[in-house]
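Working notes, beginning with the structure itself.
There are 2 protein chains.
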Amino acid sequence: MTAPLSNDLLERMDAYWRAANYLSVGQIYLRDNPLLKQKLTLAHVKPRLLGHWGTTPGLNFLYVHLNRLIQAHDLNMIYVTGPGHGGPSLVANTYLEGTYSEIYPEVGQDEAGLMKLFTQFSYPGGVPSHVAAEVPGSINEGGELGYCLMHAYGAVFDNPDLIAACVVGDGEAETGALATSWHSNKFLNPARDGAVLPILHLNGYKIANPTVLARISHEELEALFRGYGYGPLFVEGSDPRQMHQLMAAALDEAHGRIVEIQRQARNAGFSGRPAWPMIVFRSPKGWTGPREVDGKQTEGSWRSHQVPLAKIAEVPEHLGLLEDWLKSYRPWELFDESGRLRADLRSLAPQGERRMGANPHANGGVLLRDLNLPDFRHYAVEVNNPGSQTAESTRVAGLYLRDVIKLNVEERNFRIFGPDETESNRLSPVFEVTSRAFTGEILETDTQLSPNGRVMEVLSEHLCQGWLEGYLLTGRHGFFSCYEAFIHIVDSMFNQHAKWLKVCQDIPWRRPIASLTYLLTSHVWRQDHNGFSHQDPGFIDHVANKKADIIRVYLPPDANSLLSVVDHCLRSRDYINVIVAGKQPQLQWMDMGSAVAHCRTGLGIWEWASNDDGDPDAVVACAGDVPTMESLAAVMVLREAFPALRLRVVNVVDIMALQAPSQHPHGVADDLFDRMFTTDRPVIFAYHGYPALIHRLTYRRANHANFHVHGYQEEGTTTTPFDMTVLNGLDRFHLARAVVDRVPSLAASREEFARFVEDKLAEHDAYIRENGEDLPEIRNWRWLIREVDA
Amino acid sequence: MTAPLSNDLLERMDAYWRAANYLSVGQIYLRDNPLLKQKLTLAHVKPRLLGHWGTTPGLNFLYVHLNRLIQAHDLNMIYVTGPGHGGPSLVANTYLEGTYSEIYPEVGQDEAGLMKLFTQFSYPGGVPSHVAAEVPGSINEGGELGYCLMHAYGAVFDNPDLIAACVVGDGEAETGALATSWHSNKFLNPARDGAVLPILHLNGYKIANPTVLARISHEELEALFRGYGYGPLFVEGSDPRQMHQLMAAALDEAHGRIVEIQRQARNAGFSGRPAWPMIVFRSPKGWTGPREVDGKQTEGSWRSHQVPLAKIAEVPEHLGLLEDWLKSYRPWELFDESGRLRADLRSLAPQGERRMGANPHANGGVLLRDLNLPDFRHYAVEVNNPGSQTAESTRVAGLYLRDVIKLNVEERNFRIFGPDETESNRLSPVFEVTSRAFTGEILETDTQLSPNGRVMEVLSEHLCQGWLEGYLLTGRHGFFSCYEAFIHIVDSMFNQHAKWLKVCQDIPWRRPIASLTYLLTSHVWRQDHNGFSHQDPGFIDHVANKKADIIRVYLPPDANSLLSVVDHCLRSRDYINVIVAGKQPQLQWMDMGSAVAHCRTGLGIWEWASNDDGDPDAVVACAGDVPTMESLAAVMVLREAFPALRLRVVNVVDIMALQAPSQHPHGVADDLFDRMFTTDRPVIFAYHGYPALIHRLTYRRANHANFHVHGYQEEGTTTTPFDMTVLNGLDRFHLARAVVDRVPSLAASREEFARFVEDKLAEHDAYIRENGEDLPEIRNWRWLIREVDA
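Protein sequences, first through last, are from chains A and B.
Numbered according to this note's numbering, the first sequence spans residues 1 to 790.
Numbered according to this note's numbering, the second sequence spans residues 1 to 790.
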């Protein structure tokens, strides 16, 4: 066995590890007597024992070893902690290295600080059991499992000097998100990106079960990681002295390989994907904890998952066992009288920003630089008259994004993410200046594929989301385009990122990061051949449940408003922006000046389509591109039928503007809202998604009871664009009829108009059955506009 | 090279393949001249070309080869098709084998039938491009990718004779769900379960990109699948004759291995997880399609993904190319004059239910048998007076589930699924009669772990959901228990299952299947140590967007109502049931008789807690266990403060009962609703989740404007149970104050009461900061009840 550690170093590293373990156990159990200066009594033990021990000693072990590696090579390294309930470890280690006390001065490097450290853990309003935003050095919340490895990869993209040591729990390794994360190495370029050092922590057990990867053969395990493209190194055992030497050797070897891979790629250029090192670290769950409790194996078993000695008050022997356990770390050898870690151990931690708890990449806001943004007005579609021409809105946004990439090539701080849909979503102009990133085999016949590409495409919404989060959390910028229906795949990841951002609002040392911006396109209304499975506009509802301070939702109806919104989103910080916009050719309504003004308020009256003279019989409101078109067509139908009818058209870009200002910072003032929507006239609202959301957002508005919302009713199939609106009652005829039904002065015309609508829809229905497409008068949008405009 | 196929058989199989390819191309392109009896003209070609060719020839190739295997060994086999847009293939093959025409007689086995077959594809209201519920033989919708392999495993659990041949697209193989699905073999027992034969279809490209797995080395690919625990067989090439022999040999080998694995396990008992065979099938994307179009490689490239010749009308040469392509299959050799497949080819398909399109397992409702259910009343918690005792509701449900397992052991048609949480969610009584299923290594120290277990635990909500869907779709029953927050991980899978069920309502030959029932526990209000990341009650909102016919949501406040609800759900068909119930000790309110009556209506007045004499000053309503407790405590606080105040308590179990009957079949009639909630009194509604949902559900009710809903406001941290309610304004004091603020007769007391509430909350706040737990008077629920009861 190689023995890279001298005896002295090994002893000190072991002592450091014991110190971290001691502090971890202390956090779970103690509320007094933090240095065990007195005999342990029940009064020193927390009355309610909350927390988790199982994963912690392994995390502690890795921390001291990574510290050695950092010091030996002056590494720029962050520690991404996947396993759930690893909180005590990271708190302990950032405390030992000093970072924690710098950020939280009330937790000082003395006995009082230790007391505070212990008591705050899993205490009301205190420190969570998971590695959370409150913990310095973290970019990954350990509560929902499976995202650490994608965060680690996201962190090192475009950070050539950075190494992300990423501990993957063997429990979370069973999740889908983690299982596909290993393939991230096909998108990592050793010449321009940093390195991820994955460490699979095989401690064998989840809450109450063994883990899958701990119960397959060594041969299969090794084959699996070779198959994933890694060169695995195995560190397995339970004897601390042996394990110290093994781990040190493995880390030296891994580091050497990383250096060599990077050297080759950076000197000679990228020449094929290397087999990056990774470590399989098999150690007992609850290592160094009680071997047996009440006659049952505890160390090395799932019984170590939470609190191994849970009945301190009830079972008399448990107090003694706890004291033995704490004393097994020999705290008197680790801390001086004042409670401070001894100097010879302190020197094992790196200094300043080399400390993993203080690495600025783990607090990306401090590194964040504004993007160089082109003037989005330069990409404006010329619109002399509303509806005088068509454009594919997302393609126009693609031109702008192309230049965002171009202007930030030097800064290397902007990437676009999406599941194989950049082209399909018509953002293809970006390929004029960059390619898709790929470090798998590239054939001569491939196009727009390069190890240097800045578009990250993989058929996994999880990977797109996770990489982007990692990229943003380390102080860069990004943009995620996705089919609308399938963004639900990352609902839960969105939740966790939104929660992270919300928590960070109360953590002053966490600096603002760039917002996470989604462009949802290929949306519910245009799935002509994909059909029902691709129709779901519900992500907006999901988003609306999160804190108003964090979330923004935009439905730009045309290209110029989309440009304005995208520009705004790329400048924003600490938000999650959701933009929904179609990719199909569509009529353009606003010139750039109007679009900018419209987006600034978030909603507005379209005077050119209104004839209400300040006193409408009804308001026709719309949000979303297809609803906007159908609303305007409905207005046209109504004007033809009822020339005297006074209609007002209100378009909404920023749907959070509908909410009361007390509920969302974008909410427009009540008087403005009332001026637009009136306080007593019927409002027929055509909305892109599920109608309930508009009711929810307008709930506190004066005219709320008069809002009649048409939207997606979960009806769909493989059919034409217009037929989709008909199936859901969002088409021009249903909308027009809804107006007629609610304007008192038209009461006498209702029956006749209902028949007219039925005839029109029957005519259309017969036509599509015969011809497979929409009636020409419906397909020909010019016809719509000529009339509205007149 | 082995050559298992005789020349004659090879020729006929190739002809059958050509027939399927011909029908696939025909579906994409033709609206007339289906047998190419005339020279092809533009008039024969659909005006709008929708559909996807790329994956289809490979799927067709596999189908004829699996047909041979079925015939050779009289196999019971289903075909699970993962790749997106595989619709044309499965429609073509089920048509060729006769199944399609039996189910859809209008698509007969003649020229007219062919015409209909072609024109209906990707036509408004016609046949989708994905393998969907409309396609016979399918249990997997091909629209959202990544779920085929978990569906296949779910299908074969407890189906020892069944083989699920599962084609995994190399695009979808990049998804997280699929990447972890390969590990399903650690949960498959060859003695009692059937077999999955995964076939990775490496056709190399997604929409616009190569796939990851197509661009790693052979060595890595082989290692990956060996690491996943399979013995991969490779079928690679493009020459059809060679490929026929290779595929036939690979299938013979795979089948032989499956037979041998099963023989050993069934004769000698399970003795270790075998290396199941799988096939890597590398063939060109768009195989046999146009090699080049407009000078660009098309066959064997992503350009074959959709319609390879897309501009038939615009580019004159394309029509000729299309004709050449169609003729390359020599349809005149395949179909007779009448348009029927020639008899020597027809004989290649199996007969009757051996046809993969007619296998009853793919229409599980026809195999479904009712569960043997114990009388849930036997598990009743005795409740003499409301609140006279506590119980852990989910543990009581666990007793019932234990006996469900016991009573159906022989039938082998019930399993419980959950991500390592059965014990944590206190369903542990089930382990008295069964274990967790596991076929990885089992150690002596393991407990409740066996290859014969009926509890499926893996730390992947995706796998739990996918296995369960596969199990239900093949005619069995199941139950999924999950932490509430993390069920969002499968939001998108839920969507697709709900859409599948909705579509099946209009497919008479699809027989009803058992409902998918979720028990969401470890919920938002009791995450004392898990904190903010574990707090999200939004799944209910997500569910509420789907069709009312499909979804049911229950919030039983105690054990007896939970029993009644679980029993009801296990008897139901074609629904998705969501049950939210806590696992912590909680007061019990209803005896079994009351609980059954309460659950039958879905909501009701709790007379024992009300004192309104038919004319309340306010209604205190509640849904969910924690809100129910806080509401009753609020009533107690109010009675003490205002003895003359007349309060009514309404508890809601089935929140869909709140909706108007026109919106949901469970919606109670307006007059009943009005009798309970009044039409003009304030209703203070304490709700488990995000408040907006209650407004949404009650939107059409007369008293809606007087509903004031308290619920989760996305505020949380590591804290005590009661403090969580305080943070979100759902605690007894906030609720009581909300009542006082809205009852006109109490106007004079508002200020004083507000001060009282503030004092109470401040007192509590000080106490938890000092003691780390809730005030004794709040922890001691007895105190609450004594007062309410008095």
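Glycine included, C-beta positions come from ideal geometry on N, C-alpha and C.
Provide the residue span of the beta strand (DSSP E) that contains A/Ser481, from first to last.
477–483
Tell me which residue opens and which closes the beta strand (DSSP E) that A/Ala748 is part of.
First-last for A/Ala748: undefined, no H or E at that position.
What are the complete alpha helix (DSSP H) segments, minimum 4 residues, inside the region 573–646 of chain B?
592–601, 625–641
Starting from A/Tyr379, trace the beta strand (DSSP E) both ways and give me its first and last residue.
Per DSSP, A/Tyr379 belongs to no beta strand (DSSP E) and is neither H nor E.
Helix, strand or coil at A/Ala790 [DSSP, three-state]
For A/Ala790, the predicted structure reports a pLDDT of 48, less than 50, and the residue's modelled location is therefore unreliable. A value from the coordinates is still provided. In this structure, A/Ala790 counts as coil in the three-state DSSP scheme.
What in chain B is Cβ-close to A/Tyr228, meaning under 7 Å?
Leu224
Does DSSP classify B/Arg263 as helix, strand or coil?
helix
Just to confirm, are B/Val167 and B/Gly58 a CB contact at a threshold of 9 Å?
yes
Checking the sheet assignment: what are the DSSP bridge partners for A/Cys166?
A/Val80, A/Pro198
Listed in chain order, which residues of the region 519–536 of chain B have Cβ atoms closer than 7 Å to some Cβ of chain A?
Asp528, His529, Asn530, Gly531, Phe532, Ser533, His534, Asp536
Hey, out of A/Glu607, A/His523, A/Tyr123, whose CA is closest to A/Gly538's CA?
A/His523
Beta strand (DSSP E) containing A/Tyr518: first to last residue?
516–521
In this structure, does DSSP put B/Gly772 in helix, strand or coil?
coil
Residues sharing a beta bridge with A/Trp276, DSSP:
A/Tyr230
Among the candidates B/Arg732, B/Glu758, B/Gly593, B/Pro665, whose CA atom is the shortest distance from the CA of B/Glu777?
B/Arg732
For B/Tyr767, name the three-state secondary structure that DSSP assigns.
helix
Can you tell me which of the three DSSP states B/Ile207 falls into?
coil
Cβ separation of A/Ser564 and A/Val596, assumed to be a contact under 8 Å, to the nearest whole Å:
5 Å
Cα-Cα separation between B/Val649 and B/Val743, rounded to whole angstroms
15 Å
Ordered list of alpha helix (DSSP H) runs contained in the region 129–161 of chain B, each at least 4 residues
148–156
How would you write the range of the alpha helix (DSSP H) that B/Val740 sits in, first residue to last?
732–742
Please state whether the Cβ-Cβ distance between B/Asn359 and B/Met724 is less than 9 Å.
no
Which same chain residues, not among the five before or five after A/Ala179, have their C-beta less than 8 Å away from its C-beta?
Ala173
Residues in the same chain with beta-carbon distance under 8 Å from A/Ala133, minus the five sequence neighbours each way, listed in chain order, please.
Glu141, Trp500, Val503, Cys504, Ile507, Arg510
Element boundaries [alpha helix (DSSP H), containing B/Val709]:
First-last for B/Val709: 707–710, but that is the beta strand (DSSP E), not the alpha helix (DSSP H).
Got a sec, what are the start and stop residues for the alpha helix (DSSP H) A/Arg552 sits in?
It is not in any alpha helix (DSSP H) - A/Arg552 instead sits in the beta strand (DSSP E) that spans 551–554.
Rounded C-alpha distance that separates A/Arg646 from B/Gly478:
57 Å
What is the DSSP secondary structure of B/Asn495, reduced to helix, strand or coil?
helix
Residues in the same chain with beta-carbon distance under 6 Å from B/Gly365, minus the five sequence neighbours each way, listed in chain order, please.
Arg511, Pro512, Ile513
With A/Ile513 as the anchor, note down where its alpha helix (DSSP H) starts and where it stops.
Premise fails: A/Ile513 is in no alpha helix (DSSP H) and is neither H nor E.
For A/Gly176, I'd like the list of residues in its chain whose CB is within less than 8 Å of its CB, leaving aside the five on either flank, ordered along the chain.
Gly146, His462
Contacts that B/Leu468 makes with chain A (C-beta to C-beta distance below 7 Å)
Those within 7 Å of B/Leu468 in chain A number zero; the least Cβ separation is about 15 Å.
Can you confirm whether B/Arg769, when its beta carbon is compared against all beta carbons of chain A, has any partner nearer than 9 Å?
yes
Under 7 Å from the C-beta of B/Ser122: neighbouring residues of chain A
His529, Thr718
Quick test of your reading: A/Thr390 and A/Pro585, contact by CB under 8 Å. State the CB separation rounded to the nearest angstrom.
5 Å
Determine, for B/Lys186, whether the minimum Cβ-Cβ distance to residues of chain A falls below 9 Å.
yes
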